[in-house]
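Data first, discussion second: the structure below is written as structure tokens.
Numbering (this note's numbering), first residue to last: 4 to 216.
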């Protein structure tokens, strides 16, 4: 008698086991985005998250050891998507630095304000949850500062030796401007407020650049 293939070899609805597992993972993260944004980290339980996602608890633990790990994965997904939008906004080399700067801060602002849930997860409930999450946020800021430095290097100007520290401070300032605006309007800015925010962010970065010359 032929032994039936195990689940790892079966294709269901056009997806193999690995693809189905990744779809469940993304579904859990989509649901976590909604629940962390509305109920907060402390107010979201694994059981409620799984029930909302229509996924069994076993499936949750196949991907995440605990709620913190789920939050870390969600924060990283938000960060990666934000970076992708910013990198895609980098103009061609022959565009002047002011135009480049305003394009990049505009992409950053929209990535974090177009969907209020992303901004709430990134700014509203991320700080102070756990030491691990705070460390991850700082790592993400260092990664963002590297992108700032690479953008400044495109100008061909001589940059100061402490340019990395300056770029890190710029990222902190940009996130501070975004976070303050979001907090002021309860994480639901209107388009005109976002436009003003982008202008202020661009002015800030350009002022720092002028001070470096």
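C-beta: ideal position from N, C-alpha, C; glycine also.
query	result
Could you tell me the alpha carbon to alpha carbon distance between residue 24 and residue 74, rounded to whole angstroms?	18 Å
So residue 149 is in the alpha helix (DSSP H); what residue range does that whole segment cover?	134-156
For a test of the three-state rule: what should DSSP assign to residue 206, helix, strand or coil?	helix
How about the region 65-80 and the region 124-142: do they share at least three Cβ pairs that are nearer than 8 Å?	yes
Our contact map puts residue 148 next to residue 167 with C-beta atoms below 8 Å; I'd like the distance itself, whole angstroms only.	6 Å
Let me check understanding here. Comparing Cα to Cα, which of 120, 31, 106 lies closest to residue 65?	31
Quick check: residue 39 and residue 124, are their CB atoms within less than 9 Å of each other?	yes
I'd like the span of the alpha helix (DSSP H) that includes residue 33, first residue to last.	20-42
Quick check: the Cα distance between residue 9 and residue 22, rounded to an integer number of angstroms?	The pLDDT assigned to residue 9 is 45, lower than 50, so where the model puts this residue is not dependable, and the model offers no usable value.
Specify the secondary structure class of residue 68 as computed by DSSP and reduced to three states.	coil
Tell me which residues share the same chain as residue 121 and place their Cβ nearer than 7 Å to its Cβ, disregarding the 5 neighbours each side in the sequence.	81, 115
Let me know the secondary structure DSSP gives residue 74 once reduced to three states.	helix
Hey, could you find the ends of the alpha helix (DSSP H) residue 121 is sitting in?	119-122
How is the alpha helix (DSSP H) around residue 183 delimited, first residue to last?	166-187
According to the neighbour-count rule (16 or more other Cβ atoms, all chains shown, within 10 Å of its Cβ), is residue 57 buried or exposed?	exposed
How would you label residue 70, buried or exposed, when you count the other beta carbons within 10 angstroms and need 16 or more for buried?	buried
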